[in-house]
Every structure is written in structure tokens, then in C-alpha cells.
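Residue numbers (my numbering), protein chains in the order written: chain A, 1 to 563; chain B, 1001 to 1477; chain C, 2001 to 2619; chain D, 3001 to 3184; chain E, 4001 to 4096.
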Amino acid sequence: MITLYLLGAASVVLTLLGFFVPARVTRWVAVGSVGATLAYLFFTWGQEQTAFGGLYVVDSVSQGFTMVALLGVLWALILGRTEKWEFPLLLVYAATGMHFMASSPNLPVLLVALEVFSLPLYVLATWRRDERGFEAGLKYFLLGALSAAIFLYGIALHFGATGSFNAGAEGSGPLYVTALLLILGALAFKVSLVPFHWWTPDVYQGSPTTVSLMMATAVKAAGFAALVRVLDVQDQGLWGLGLGALIALTVVFGNLGALAQRESKRLLAYSSIAHAGYVGLGLFSGTGAPAIGFYLLAYALSTGLAFAVLAAVSQGDVPYERLRGLLYRKPVLGVAMGIGLLSLAGLPPFAGFWGKLLVFLEAARAQQWGLLVLALLTSAVAAYYYLRLFNLLIDRRQEAREEGGAPVAAGLAGTPVLSGQGAGGLSLATGRSSTATLVVAAALVVLLGILPGWGYRLFSPVPFAALSQAAAQPAALPATFAITSPSDGAELRADEFSLQGTGNAGETLEVYDNGTKLADVTVGENGGWSLTLPSLPAPGEHTYQVRRPGESEGPSVRVKILE
Amino acid sequence: MNYDALMHVGLFLPLLAGIALLIWPSLGRTFAVAAAGVTFLLAAWLFAGAQGEGAGYASQTLLLEPIQMYYALGLDGVGLMLWLAVSFTTLLAVYIAQVPIRMLGWALLMETGLLGIFAAADLVLFYVFFEATLIPALLMLGLYGGRERLKAAYTFALFTLVGSLPMLAAVFAVRYLGGAPSFLHADLAANPVSGAAATWVFLGFLVAFAVKTPLFPLHAWLPSFHAENHPSGLADAMGTLYKVGLFAFFKWAIPLAPEGFAQFQGLLLLLAAFGAIYAAWLAFAARDWKRLLAYGGVSHMGLGALGLFSGHADGVTGALFLLAASMVYTGGLFLVVGRIAERTETLEIGPVRGIAKSAPALSVLTMFLVMAMIGLPGLSGFPGEFMALLGAWKASPWLTFVAFTAVIAAAAYALTAYQALFQESPNRTVPDLTPREWVFGVAVVASTLLVGLYPKMFTELIHPVSEALAKLLGGGA
Amino acid sequence: MQETILLPLIILLPLLGFAVLGLWGKRMQEPTPGIVASALVLGSFVLGVVLLAQGGARWGLEDWLPGIPLSFALDNLSGLMVMIVAGIGFLIHVYAIGYMHGDAGFSRFFSYFNLFIAAMLVLVLGDSLPVVFVGWEGVGLASYLLIGFWYADRVNGDSARKAFIVNRIGDLGFLLGMGVLWANFGTLSISELREAIAPEGELAVGLNNAALALAAFLLFVGAIGKSAQVPLMVWLPDAMAGPTPVSALIHAATMVTAGVYLLCRNSFLYFDLPDVSFWIVLIGMITAVYGALCAFGQTDIKRIVAYSTLSQLGFMFVAAGVGAYWVAMFHVMTHAFFKALLFMSSGSVIHALGGEQDVRKMGGMWNYLPQTRIHGLVGALALGGLPLLSGFWSKDAILAYSYEYSPVVWFVMLLVAAMTALYSMRWFVLVFLGKYRGHEHPHESPSVMTWPNHVLTLGSLFAGFVGLPYVIQYKNFLEPWLNKVIVHHEHEKLPVLEEWTLILVSAAVAVGALYYGYRFFQAEAAGRLPAWFVRFQEASLRSFYADDVYNALIVKPLKSVAKILFDADNGVLTGFQWLGSVTGTLGGLLARLETGYLRFYAAGLLVAAVLLILVGVIR
Amino acid sequence: MSFAELLAAALLLLSALVVVRASNAVHAALALIANFLVIAGVYVGLEARFVAMTQIIVYAGAIVVLFLFVIMLLSAAQANVGKDMLPGLQVPAVVGALGLAGVLTYAVTRFTAPPNPGTLGGGLPQALGPLLYSPEKWLYALLVVGFLLLVATIAAVVLVEPERIVPEKVIKSASEELKEMVER
Amino acid sequence: MSWLVVSALLFAIGAYGVLSRRTAILVFLSIELMLNAANLALIAFAKQWGSLDAQVVTLFVIAIAAAEVAVGLGLIVAIFRRRETTGIDELRGLKG
């Protein structure tokens, strides 16, 4: 609850404070309050709590994903130096909205929370008040409204099918499936899975780099928090195929599209689409939440590094030429960008690799081999365009000539060159504080790369023992057990007669003869079991059935016993 | 004596030294040589320690609990030998190469990666080191390479990355289809994958390790990697150490999916044999020393691969011994070529002739290493090649014949190049060996001679391990 | 056969010489390196003889390579070779002190010389095949270093490289032979192989004959490479580019006979394989004929002797082929004496004429070089097979055994013996008789060069008497001594009458050919040769175009294919890059989907939603 | 479906089509108001009287009026301004809409009414009130909606705020930049 | 029960409106129409399920619509002031 109060109070105080104190103070108050919330979250880790009749839930998903969201917002706050005090205010509003979204299993609340953090984003997108800013804002707004409408209709149908507004409600039949898929579509829009991703490249490129940073990191975290809750439904069959198609398209489009890009912000937009696809892989197995959380944290830090460096180069477009030889001109920026790119590419010593590994493991655990191979192939393609950017950094050839004639270095130092910038426009993120964030983030990426255990523990809900035990037994496959011999309809003499069959290793099953329980049998290590009948069966028709303890039906075999 | 602690220190010492060098290059070369030297001493100490019970060391601590992944290191006979080879060659490289100090830092970073590859006893940890070593190698090529270095960097990085991604899929498949409780080598080997899955798993490993052996079609990145690297030969020597394909096949691919290996054995033998003769043939037409050595290396590894894939104990021992030995002398040759390039300002074979007249010691040193490379008996090249031949013959006589014609081709291309540079009527005078180069020369010559004349101290350790592998494949001793 | 550390000492002495002279040779004055080297070789000779007298020795180290021991053994066969190598080696070392006088690389020469002796001793004393192979390639290396000793000019460098590469082809055969034996018998130590293959002198029953034949043939390929038999003979004539002591030691006495030694050492393998033996005889014959024919046309004094070595090696292989292994070793011994003598006397002549090697610019040495002329005469006569000289006895024994094998072989070899006599006389006449055609003022060589020749002359004269044919009551020492070690078929004696006729026939042929040669080649000295012979000599000079054929058929195509493959290789690379560009263009197409129109996006969104629901509901 | 309901449904669909097809923006807005009024009537029929009231007052009264105001402000009466850059989009639009309608009707008609529905009590404020304000029920949601409205107002203000005159300091450095550019 | 079908049709018509209209305001109007369709469905289901929760949610939806309109029209006005047009096809700076 405290996080809720902290964020709420901060928003309200900031709204009023803005009129009395200069913009710089509001910015630091905002940074202070978000930082405090983050610290609080960190220290009260693992304390589960539900309030407001189940509408506000504080569990590992909420804490983890809120942390990632707040991280993104905090980073944007520090980088965004501007004269107008509303900028930090809107960011805090967005942060609060994201917390609402991450910590509520109730669908209408999710919808409202979605709106709460989208509205400031629409405005922030147009912050630079230039041609492209407004275009980005409008596109994001209209498509956002459209997806909200779809979300709402999904909620209505969901209510129709299940009678409840809670995310994880069980249901079946076409109405429920349509509802679920509509909701999935709306949330897919938010996290930019492919058929719903249209807005991402244009909006990331149009809005100021600091805001794009926030979008790439925080918005994705909030979106996936909601997705994790919505898709927590037991029977995966309902939405499995739909999500699989989305992810396959996302992974292919995101990576291949990125190959043809000429401008680094738009490239990072495509890369964020691709990464959304990889995260989606984790949704299939029931225990995917911690893996997704860790991936998002690693992704947020890495892509944050990339965006932060771009923010230091220019708030507008950053064509490749501007980055050539950055390592030699601005070593700190170069190294930070390098680490970010390598981590995004998923190279081991950095956090990105562990994120990918964990998510792919979840996919492997859910037997999604097709998607897994596709993801791996496309991440090879991804490695190419990250490497192309990386090679630009270390390219020693002549320095890039910025269009304004002033070499990039000079552009970094002075205030923004007059290019239709409103007085309140965002200045470049070259202050001491923003370079500090770069160093901290880079350190975190490397630290998580070396000790992924800590990062993962941040997101895992169940106390460790239970989880590792869950992971130990090979695969929590949907129950497949059967009787293999004797075959159905066989005629056997009474004496040479025993039952064999298959099941999950280490599981106990009950064997019934014509409805009466004969004996319990435990499945061996190689997934097979056998039972020699205690009492010789009476001649005549017998139906042998094997069931899971506590269930009423299971596969059965009809056998005729001769004299 | 707590050897495990030594192992951990030995593994991460170069990393720390490397980072220190990157941040404060003013520490200078002596610091780098000291770090590499201590690592070598540790490796030697570990090696000596293991002589007794021959078991080696193992230590594991949980790194990522939910997926049962351990930070597990295990050094058996093979690992110890390769540790010795890697640390010795790095010491030589760092001691002799005239390079910007920061590049030494990258080399030390790479050394940790390599030591990690050979010591990792957890599949995911192995994958981490396998990929992590790519970064320093890529940076050394990208930052300090020649004109076409970016293109070479692309090809090198992409070959490795695209190669190792199917391996990641194989890592998952091995764990989840094999039913092993953790990623530890012992558990994974205890329940290998069987049936159709084994083929796919092995294919995954095959692609990644073929790039690193390098086997025929996937060797395309090697010539440009070596040709474009820093002329001093440091990056090339480290690159030679990075050819871990054979070891990786031996330790991870074959034990984890023996049935998969059985299916691919024919193809692999063919590729190895073809690679050996093809690369030797290309070396004949190479116009500069680095490409020649690169192709020579590929041909050598082809012979080793033939031995390993034969599935017989002596073939496997031969392959591993050849791997370790070739690290020392091929690395040494690259460094010597670096010294020659510094004297004659060119790596081409041809323009400069007859420098033996003015630099006799240099010519003797180069002659020695060239002879080691073409497998002259009595030097460290021969035992490995010979054992590989004995094993390979049992697997397939014809392929062995084809592959080992590369031994003849080796004599041809190596001596032609040697003669062109050292022997004809001199058109230049170059300074002879400096004291530092003398020390380097003596070290390389002594080690090659010792290992060549008395291979028993290594084969004794390797043979039991390769016999176990042979038994696993039903190949017999 | 006692286990003693002294045995490896025989090898270590010259090895020590190689190391010491190699590192500190430069600091010693002119003759000391030569003296040190010769002393060490003498030391190992004495040690060898002592150990041999004590009934041989053995020394072994288990598991040098897994399953392969590092073991040395000195028995009668290797004892004989040790005596030849160390004995004649010592003499040639002494001779070289004189010959190499004033050369810049004096110490370097003697260090390489000692390396050669050490390698040859390893080859000879090795008891397991890989150890023999170490020696085998060791001598290859030493011959490479010594042929290319004066590496300054390109010709020497090329011929050294050629020698090494052709040897390597033979070595590959040796390697593969070892592979076969290892695959079938699991061991490579010669004594164990002997137990496995021929326990009591007969072939063990139930052996895989095909594998045995393959192993034997492959080892024979190794022998062909090392002993310069027909397919791989091109390197021996070019090896004359090295200094004369090198030619004398390596390309006459020791290295080239290693092939014959290998066959005799592994006689348990060959003695019962008729088809492999047939091949050995065939190749031996062809080489003998080819060598003899080429010797006629040569103009370089050393190349005449080189081709004669080629021919004599043919003889030895025929002897081994027909099963008379001890005779082959007998011919190796006698040949070592008179061939070394011939080379060293040629060396003295070259030394006397200040480096002149062309026989057409020599002649009339008879009256300038008092001692060398005797050496030359005895050498030529021994080579020619003058009865009672060593050459005659060993060659006659070979002819006798080949007669039993098949009269055709005997007849051909008789012809070759005649030709040998002819070209040996040609050599003698062109060098020593007639008047001096050059314009140097020849002077006799110093005593350090002539004394070794004196010893060799004695050897050439009396070496034959250790193995006289049975008909001559004089006891034959060599046959029983060697047959204790060599596995061979019991050889039933020819009837006395036939034996005598054979001896007389070969004696007559030899004397006739010698005399005719003496007369015939006076004309060449005066330049009045019959036209057909001159044309024959041109072809023979080019050694019947063997080199050109090899270059055209093998070397050139290999080089051009290498060039093509080299360019094709980065074809493989561009193949992969093309793949990259394809994905690039595909990416371009996908990126163009982002048309920028908001309504297009909205349409995409809704259509996607509809499809998603359809997929979900229908399934 | 009684006659009145059929009539209401027809009216709804008709007015919706007008909103979508009208060439004049004002007509579209007015049609939307009509649509909302009819829906309010339907709500009353479905025992949701309070919602019907809010629909009329807030939705029809405030929101659409705001639309009308903005249309007037921007004098953007004529609906389809500018050249149609994507003429080809008509086909997917129609097909998409029909597809959507088909799928949704299919899904909706699969609805099976639950066995024991609760009583609505005419959807009067007396029933809705406790639901809305009791912490156990929807209070939290209400708070969040309140917060949303706060955000909306601030966002709207920021969007349409004119360029504020900026304190002295900033302008000077901008001009320096200009001078510097000129010299270089 | 038929109200559900009507709401579905209304939703589809709204969707058609979004795709065919070429000015921002009218696109936004169609989205409002879609929102209303959803509201209608909610109320219809409330009637079937007999639960008042759905009606509470409808109220929230109206509030959301209000908030959206506020920001949306603000954005459209701001764009109009900058580009003198409300046509959405002209705004095509970002693509590729």
C-alpha cells in the first residue's frame, strides 16, 4: 500500500508545487519521490498484500514490474532537463499509472490504468512541439484510443462469458475465447507485438529520445505485467495458438525490419518490438513470470543505455553518421552504448544473455520448439544490426559532420541549436547526472550478467524451495498417462496377465477394474509403470482404467478374460 | 593443499589484470607479463598437483538456482593440459608482441574466457565462456586490425554467433528431453538424449563447434580474421587458442548425444579429411604468411578432427594432444611472423628474400617452429598427428590416406615459404634476435622439444579419459 | 641381450655434438668442430662394437605413447648397420675436415653432420616402428639441411626442398603401414610384431593376409621414398647440390640404404608374401636399369656416381625381393665401402681442380694425383665388379640367388652388371686418363683427406671375403651371423657345377665389360663417339626426361588447382555474405510495410484483431 | 424483441451509419447525439436507469457538445478534407468491418445465460452507490478514475498552452549560439 | 438478448468509421461510437447476469471517454494551430 500512497502523494504535491518553485526544483522533487518509492519497493520485497477487495494486489509480479517501470521513469526524469515543470509531473503521473496497472488483477482497473499512463505519454510524445512530434502524438493517441475500445469490448465479452471482471477467471466456449483474444490484442498493442505494433517505430522516432526511453522500458513492463495476469489461465490451449502466431510474426518482423533502418532511434524501436516477441515466449509456461521480469529488467537497462546515449547525441533524429567513432570522441558514451548493444544482442557476460536464456528455457519447458528455433534464428539476425551499430562506435574513420556544420562534439556542449525548439524544449542529456545514470546502468548490466541469481530472485514469487522443486521435475507437461498393454478388446487367459502403461516420471496413478480401485502404481524414472494383478480376474468382460488421484475419469482398456 | 582455490584464482586472475590494464594502461607491459606468468605458474602447479591421483579437481556453487545452473569448474587430465597450453602461449604472446598496452588487456581478458571454456563443468557456464571470449577477440580485431578489419569483424562475429545459437537450442533440448536434473556435465552425461532428439541436439552442437574447429564449410571466416588482425600476431595467437572446436566436441557434443554422433560420424569424418587436404592445398597458394598459417592451422585441425571422430581411444588422445601442441607452436609461429613483419614491414611471401644471412638465429627459430608445424617426429606436432592417424585408420582407411596426404602438402607449402623468405640470395639485411626474442625463442623451442620427446606426461593423463569416451561409443581401445 | 643404459648413449653422443656445435660452434677455431664431431662418432662406433661383442643390448621406456614403447635394440643386423654408419661415418667426418676447410659455416656443417649420424643411429637401433620413423624423418631433415647447406643460391635450396618433399611422400607410406599394423596387431614394437606374425620362422596361421600384404607394401613405399627407387628417385641426382662429404655419407653409404635395412629388419613380414616380393624385385630391376642407363650420359662427376648408387640400390632391392636378405645387407656393406671411396675420390678431384665438377673439363688426373688415382681405380673396379674385389662377391651372390628366383631376372641383372662395369670405366677414363682438358693446376689433397680413402680402399678390396659363396671352401661369416636375426626361408644350395658356372660367367662378363669400357670411352675423351651414342647420351643426360614429366604431370597442375581453389575459397565466404544480403532485402520489404499512414495502421490493427479471433474461435 | 425494441435498434444502427457516412462533420455529431439518446432509452429498458441518466447528461450533453465546439472552433465542417491518399483502403475497411461484425455476432450469440441471475433493482443510484463507494467493492477503481481525470486535465492544459515567454537567461545563450554559427 | 447483436453491429460500424474517415475529429467520433457499443454490451450482459458491477464499470467507461476526449481534442487543436489542417493523411513525416 505504501507505494500507492507515495506515488499518489507525489503526484498531488507536484501538481501544486509547480506553480511556486522553479522547474529545476520540481524535477528534483520528482526524482526524489520516484527514487524513494523505488527504494521502498526494494526494501519491502516479498511482502505479499491485497487490499481494496482484491482490486489492489501487491505480489512479486506487481513489485517486480513496477520496479522496472519506475526505473524507466526515473531514468527519463534524470535525463529530461527542460524549462517547463509539467514534464516531470506528467512522468510521475505515468509512473503512478503503471503501478496501478502492474498491481491489479481487475480488468476495468487495468483499462483505466492503461489510460492513466497513456494520456501523459500522448502529450510527452509531442513535447518538442515540432512537425514529427505532433504526428507521433496523434498516431499514438488515435491508435491508443482504438485499442482501448477493443480492450473495453473484450472486457464486456469477458464479463458476459464468466460473470467476473477478474483477469484469471476460468471460462470456455467461443465467447470466452473471443473476449480473451480481444484483450490479448489490446495488450499486444501496448507492448507492440507485431500485428498490433504499427505505432511503435513512428512514435519512438517522433517523440523526444528521453520519452522514447521511457516508452521502451516502462510501458513494456506495465504491458507485460497485465499480460502475465490475463494469460494466467490454466488451459493454455485457448490462447496458445493465437499468442504463438503473434510472437512468431513479432520476432521475424522486428528483427528483419531493423536490418533496413538508417536511423538509430527507429532501429531501437524495431529492436524493442523484437524483444517484446522474445519476452512473449515466456508467457507459455505457467511459471514464466520471474523469467519475463528478469528479461524486462535486463532489457530495460540495456535499451535504456542505448537511448540515454542517443539522448546525449540529439533529442531528434540520430542518423548512423552521428555515432561514427563515438568511442574515441566520448569514451563514456561509447562504452555505455557498447555494453548496452552487446547486452541487447544477448552476449553472455551481460544481463541480456541471462534474460534470453531464462525466457527460452520457459519456452523449452512449454515444448514450444518451433517458436524457440525461430527466436534463435532471428536473434542471429539481431546480432548483425547490433554489431553494425557497435562497429560504427569503434570505427576510426573521419568524424561525423553534424548537419548544422558544428561537429557533434560542439553540439553536445551548447544548448539546443535553434531548430523550431520551443523555449520549454528538452535539452541534451549531457549533464553530470545523466552520465552518472549511464555508469550506474552499465554497472548494473555487467553485475546482473555475472550474478543473474540475484536479479532472478527479485522476480520469483514463490519462496525459493518450492520453485526449485517445481523446476526439478522435468516438465510439468499437461497430464498424459495411458495403459499400453494389454490392448483394447484383447482376449487373454487369466494367468498370464499384467497391466503396463506410461505417465509422468515420479507420479502416482490409481488402477481401477470395472470401477473398483485395484491398486496404486508409481510411474518409474523412464515414464513407464506396470502392475501384476493381485487377485486373478474373474473370467468375462473387464474394463481396466487408470486415473490421477482425485479425478473421476482417465484412459481405459476393455479386456475379455477366458477360462 | 586446496587446489580448487588455485583453480578459481587462476581462472579470474587474467580477467582482473586485463581490466586493470584497460583502465590504467600506464601499468605497462611488465604488469601484463607478470599476470600471465603467475597464471602459467598456477596452471603448472595444478598440473603437477594432479599427477598423483590423476583425478583433477572439481568445485561447484549454485549460480542460478531455479534452473539448477551451477558455477561449476572441473579440470581433468585434458583440462589441465589445455590450461597449461593456453596460459603458456598467452605468456609468450604477452611477453613478445609489440602492441599498444590496452591490447594486452584485451588478450588477458580473452585468456580468462579460454580458461573458462576448458574448465567449465556446467553446460550453460560453458556457453557463457564460449560466447564471452568472442568480445575481446572481436574488439582486438575491430580496434587494432588492418584496413578491411570491419568486414572481417562482421564475418568473424556472425559466424560465431549464428553458429552458437543452434547450440543454445541444443542446450535446452539436452536438458529437457534428456531429463537431467541440472546442467552439470555429470548429470547431463548420465542421461544422454536418445532417438530423433539426439540427432537434432548433436546438430545444434555440430554447427557451433564446426565453426570453432574449423571444419570445412564453416572455416570461411578464418583467413580474413588472421589476415586483417594486428600485424604483431598477438590477436592471431589468441585466435589460435580460440579454436576450441575439438575439445568442445570431445567434452560436450559426443558424450551428451552419442546416438546423434553415430549418425553424423560418416559426414564428420568426410569433412575432416576433406578439410585437411583442402586447406593444405590452399596454403600452398597463399601469398602472405598469415593466410598460410591460418590454412595450415585448418589443415592441422582437420587431421585432429579425423582422429577424434574415429571414436577410437588413441584417435581421441591424438586429437586432444594435437590441439594442445598446435596451440603452442602455431601461436608461436604467428608471434614469430609478427616479429618478422616488424623487421621487413610486410607479411607478403616474396618481396623480402634471404634474411637468414643477416639473422641466423631468427631463421633457426622459424625453421624449428615450421618443422614442428609440419609434424616432424621428435617435436610436439608428431605424437598428436601420429596417434590421430592410428585411431583414424581403424575408422576409415581411405579417408585417413586422403587426409594424411596433407602431411606432404604441409612440407611443400611450409618449406617453400621458408625458403622464399630466408634462403635465397639476400636482398635485405635485418637485425637478428633481441635478448627478449632470445628468451622467447628458447622457451618455445624447449617446450616443443620436451613435449615432442616425452609426450608421456600428457598422454598418461588424457588416455583414460579418451578410453572412457571410446567405450561410450563402443569403439573399443 | 642385456638391458643397459649404454645403448641410448650411442645416439646421445652425436646428438650432443649437434647441440654443442650448433650453439657454440661459432666460437671454436677452424678444425676443432671437425675433430669434436669425428671423435663423438668414433666414440659411438667403439661403444657399438663393444656392445655388439657382448651379444647385443636392449633399452626401453614403457608407454612413450599410449601402447607404444620407446625401445632400442642392438642385435646382429642393427650391429652391422651401426658399424657401417658409425665406421664409414667417422672416416667421412675426418675427410670432411679437409674438404670443408675455409668454409664460413664450418661448425654449422659438422653440427648437421652429427645430427645426421644421430638420426641414422635412432633409425637403425629403434625397436618399435614409430621410433624407427623418428629416425626416418630425422635423416630426412638432416639431408634437407645438408643438401641446402649453401642455401645462398636458389638451386641448392630447391633441391633440398625437393628431397624433403619426395622423402615425405615415402614417409606417408611408412605412416600408413604403421596404421595397418596397429589396427590389426595392436602393437608396433618390432619384437612383438615378430612374435605375432612369424613365431618360429613360419607365418602364424589365421593371419589376415590381405592386411599383412597391405602393411608390407606400404612399408615398401616408405623404403622406395627413402632409397630413391623408381617412382620416387628424382631427388637423389639433385641431392648432389650438397657438399661432397654429404653425398658420400648420406647419398651413398647410409641414408639411402635405410630402405633396404627396413625390409631386412621386417623380413618376418616379407619372407612369405610372394606378390609383394615380386613387386620389390620388379621395382629393383627397373631402378637398376634406369640408373645404369642414366649414368652413361652424365657430365657431372658426382651425378655419374649418384646414378650408379641408384642402380646398385636396385640390386639390393632385387636381393631382398628374391628372399636373400643377408645378401642384400652384404651388398649394402660392400657398396658402402667402394661408393664412399668413389665419392671421396671425386671429392679429392674436385678439391684438386678448385671446385670444377664437369668431367669434360677433367682428364689426365693419373699423373697429377698419385694417391687419389689409386683410390679412383680401386673404387671403379670394385663398382665394376672385377673378380676378387668386394663388389664382385656381393653382386655375384645376388646374381646367384636371382638365378634361382627366375633366369629372366638373372639375365637382366647380368646386363645391368655389364653396364655398371661400362660406366664405371667411363668415369675412370674421363677423369684420370687422357690429357687434362681444364686449365687449373691440380694438386694432391692433404693427408687428412687421403687417409680415410686409404682405409676405404682396403675395405673395397677385402670386404668381399666375409661372405664368399659356399663353393669356395673359405668359411662364410656373414650369412649365419645375420640369419640368426633375419627370418628367411631355408635356402637349398645350388649344385656345385651350376654355382661355379654362374661365378665364372659373371666374372667373364665383368672383365669383358671393364676392358671394353676402357677402350670405348677413350674415344669420348677425344670427342670421337659414334653418333647414336651421342644422341643416347643427350637423353641419358636429361635422365630420360623424368623430371620434366613429373613437373608437367604433378607439380604444375597442383599449383594451378591451388590457385583456383584459393580464389574459390573466398567464394564460400561471399556465398554466406550473399545469404546476409538476402535477409537484408527481405527486411527492407517488411520495413516498407510501415507506410506512415495512420489509417493504414488502424486497418492493420483491426484486420489483425479479426484474424486473431477467427484463429482462436475456429480452432 | 418487442416492436419498440426493434424500432430502437433500427434507429441506433441508422444513426450510427449517419455518423460514419455523413459528409458534414456537424451532421455526424448531431447523429451521434441522437444515437446516445436512443441508447439511454434502451438502458432504461435494461434496468440501468442511473447509467441512462449519466449517458444523457455526461456523454451526450458534455462530450459530444465538446466535439461540436471543437468542430466549430477549427471550422472543419467539411468532413473529408484533403486528397484521399489511400483510396484502396475502402475495401479492407468494409471487409474488416463486416468480418468484425460477423465474428462478434457469432461469439455473442454463443452466450448461455447463467442459471440464477441476481436482481438489478432497476439500476437505481441507491443500489449503485454502496457498490461504488465501499472499499471492498469498487472504491479503488473510483480513485483511479479520479486520478485519471486529474491527469487528463493537466495533459489537456499542457497540450494547448501557448508558447510562454521564457525568462531572460535562456534567450541570451541561444543568440550566442547563433553568433558562433555565423563565425564558423 | 438481441441487444448484444446490436452492440456488435454498432462496434463494427464504428470500426468502419475509423478506417474510412479522413479527419482526426471524425475518426475520434467513430471511436466514441465503438466505446458506446461496448457500454451497451456491458449493460446487456448486466441484465442477463443480474449484477450491478457491470453498470459501475459502464460509469467508469464514460469517465474514461471524457478524459480521452479532453486530451484528444486538445491534441487535435494543437496540431491544427501548427499545421492548419485536421486531415490525418497529410501527417506522414515518419515512415519506413
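Each residue gets a CB set at the ideal place from its N, CA and C atoms; glycine is no exception. Since the model is a prediction, treat every value here as computed from it, not as a measurement.
On a CA-only basis, which of A:A289, A:A179, A:L326, A:T210 is nearest A221 of chain A? Give me that one, please.
-> Numbered from 1 along the first sequence, position 221 holds the residue referred to as residue 221 of chain A. Of A:A289, A:A179, A:L326, A:T210, the residue nearest in Cα terms is A:A289.
If contact means a Cβ-Cβ distance below 7 Å, which residues of the region 2604-2619 of chain C contact chain A?
-> Considering only beta carbons, the part of the region 2604-2619 of chain C lying closer than 7 Å to chain A consists of G2604, L2605, A2608, A2609, L2612, I2613, V2615, G2616, V2617, R2619, in chain order.
Bridge partner(s) assigned by DSSP for D2358 of chain C = Residue mapping note: residue 2358 of chain C aligns to position 358 of the third sequence, counting from 1. According to DSSP, D2358 of chain C bridges with C:D2300.
Any Cβ of chain D within less than 8 Å of the Cβ of E86 of chain A?
-> What you label residue 86 of chain A is simply residue 86 of the first sequence in a count that begins at 1. Interface residue, yes.
In terms of DSSP beta bridges, what is V521 of chain A paired with?
-> One-based indexing of the first sequence puts residue 521 of chain A at position 521. Beta-bridge partners of V521 of chain A (DSSP): A:L509.
Roughly how far, in whole angstroms, is the beta-carbon of L1015 of chain B from the beta-carbon of R1102 of chain B, given that I think they are within contact range, below 8 Å?
-> Working through the second sequence from its first residue, we reach residue 1015 of chain B at position 15. Working through the second sequence from its first residue, we reach residue 1102 of chain B at position 102. Rounded, the Cβ-Cβ distance is 15 Å, inconsistent with contact.
Which parts of the region 1378-1407 of chain B are runs of the alpha helix (DSSP H), unbroken and 4 residues or longer, counting only runs that do not cross its ends?
-> Counting only runs of 4 or more, we get 1381-1395.
Identify whether Y544 of chain A lies in helix, strand or coil by the three-state DSSP scheme.
-> Taking the first sequence and counting its residues from 1, one reaches residue 544 of chain A at position 544. Here Y544 of chain A sits in strand by DSSP.
Identity of the residue in A:G185, A:R266, A:E321 nearest L2614 of chain C by Cα = On the third sequence, position 614 is the one that residue 2614 of chain C refers to. For L2614 of chain C, the nearest C-alpha among the options comes from A:G185.
Could you tell me which residues DSSP puts in a beta bridge with F2072 of chain C?
-> Along the third sequence, read from residue 1 onward, the residue named residue 2072 of chain C stands at position 72. Looking at the DSSP output, F2072 of chain C shares a beta bridge with C:W2059, C:G2126.
Are there 16 or more other CB atoms within 10 angstroms of the CB of N3035 of chain D, so buried, or fewer, so exposed?
-> Start at 1 with the first residue of the fourth sequence, and residue 3035 of chain D comes out as number 35. Buried is the label assigned to N3035 of chain D, since at least 16 other Cβ atoms lie within 10 Å of its Cβ.
Runs of beta strand (DSSP E) lying entirely within the region 1029-1114 of chain B, each at least 3 residues, in chain order = Counting only runs of 3 or more, we get 1057-1064, 1069-1075.
Three-state class that DSSP yields for W1221 of chain B in the structure shown = Position 221 of the second sequence, counting from 1, holds the residue named residue 1221 of chain B. Residue state, collapsed to three classes: helix.
Sorted by chain position, which residues of the same chain lie with C-beta nearer than 8 Å to V318 of chain A's C-beta, five sequence neighbours on each side aside?
-> Translated into positions along the first sequence, residue 318 of chain A becomes position 318. The residues are T209, E263, S264, K265, L310.
Closer than 6 Å by C-beta to S117 of chain A: which residues in its own chain qualify, once you throw out the five before and the five after it? Chain order, please.
-> As a first step, residue 117 of chain A must be located in the first sequence, where it is residue number 117. Checking the sequence, you will find Phe at residue 117 of chain A rather than Ser. The beta carbon of F117 of chain A sits closer than 6 Å to those of A94, G97, M98, all from its chain and outside the five residues before and after it, given in chain order.
Do the region 1411-1424 of chain B and the region 1348-1363 of chain B touch if we need at least three Cβ pairs shorter than 8 Å?
-> Taking a cut-off of 8 Å for Cβ pairs, the region 1411-1424 of chain B and the region 1348-1363 of chain B touch, as three or more such pairs fall below it.
Residue range of the alpha helix (DSSP H) that includes A2526 of chain C | Counting from one through the third sequence, the residue named residue 2526 of chain C turns up at place 526. Run containing A2526 of chain C: 2496-2526, per the alpha helix (DSSP H) assignment.
First through last residue of the alpha helix (DSSP H) which encompasses Q205 of chain A | If you number the first sequence from 1, residue 205 of chain A lands on position 205. That run of the alpha helix (DSSP H) goes 199-206.
Identify the residues that DSSP records as bridge partners of Q2002 of chain C: which are they?
-> Within the third sequence, the letter at position 2 stands for residue 2002 of chain C. Looking at the DSSP assignment, Q2002 of chain C forms a beta bridge with C:A2057.
Residue from B:S1059, B:G1079, B:A1356, B:T1030 whose Cα sits closest to the Cα of L1091 of chain B = Taking the first residue of the second sequence as 1, we reach residue 1091 of chain B at position 91. Residue B:T1030 is the option with its Cα nearest to L1091 of chain B.
Distance, S302 of chain A Cα to A1190 of chain B Cα | For the purposes of this step, residue 1190 of chain B is taken as residue 190 along the second sequence, with counting starting at 1. For the purposes of this step, residue 302 of chain A is taken as residue 302 along the first sequence, with counting starting at 1. Distance between the alpha carbons of A1190 of chain B and S302 of chain A: 38 Å.
Given a limit of 9 Å on CB to CB distance, which residues of the region 194-222 of chain A reach chain D?
-> Listed in chain order, the positions of the region 194-222 of chain A with a beta carbon within less than 9 Å of a beta carbon of chain D would be empty, since no residue qualifies.
Which partner residues does A1120 of chain B have in the DSSP bridge list?
-> Position 120 of the second sequence, counted from the first residue, corresponds to residue 1120 of chain B. DSSP lists B:L1073 as partners of A1120 of chain B.
Along the chain, where does the alpha helix (DSSP H) that runs through T50 of chain A open and close?
-> By 1-based counting over the first sequence, the position of residue 50 of chain A is 50. Unbroken run through T50 of chain A is the beta strand (DSSP E), 49-51; no alpha helix (DSSP H).
C-beta neighbour in chain B for N255 of chain A, strict 8 Å = Against the first sequence, residue 255 of chain A aligns to sequence position 255. Chain B, which has no Cβ nearer than 8 Å to the Cβ of N255 of chain A, makes this no.
For S427 of chain A and I78 of chain A, believed in contact at Cβ under 8 Å, the rounded distance = Indexing the first sequence from 1 puts residue 78 of chain A at position 78. Indexing the first sequence from 1 puts residue 427 of chain A at position 427. With 8 Å as the limit, I78 of chain A and S427 of chain A do not qualify as a contact, their Cβ atoms being about 13 Å apart.
Helix, strand or coil at P1479 of chain B [DSSP, three-state] = Here chain B comprises residues numbered 1001 to 1477, so residue 1479 of chain B is not present and cannot be evaluated.
Return yes when the Cβ of V1162 of chain B is within less than 8 Å of the Cβ of A218 of chain A, no when it is not.
-> Here the question's residue 218 of chain A lines up with position 218 in the first sequence. Here the question's residue 1162 of chain B lines up with position 162 in the second sequence. Inclusion of A218 of chain A and V1162 of chain B in the CB contact set at 8 Å is not warranted, their separation being larger than that value.
Under 7 Å between beta-carbons, which chain E residues line up against G137 of chain A? List them in chain order, please.
-> Locating residue 137 of chain A in the first sequence gives position 137, counting from the first residue. Going along chain E in sequence order, the residues near G137 of chain A (Cβ under 7 Å) are L4075.
Alpha carbon to alpha carbon, how far is G1315 of chain B from L1308 of chain B? Give it in angstroms, no decimals.
-> Sequence index remark: in the second sequence, residue 1308 of chain B carries index 308 (1-based). Sequence index remark: in the second sequence, residue 1315 of chain B carries index 315 (1-based). Roughly 5 Å separates the two Cα atoms.
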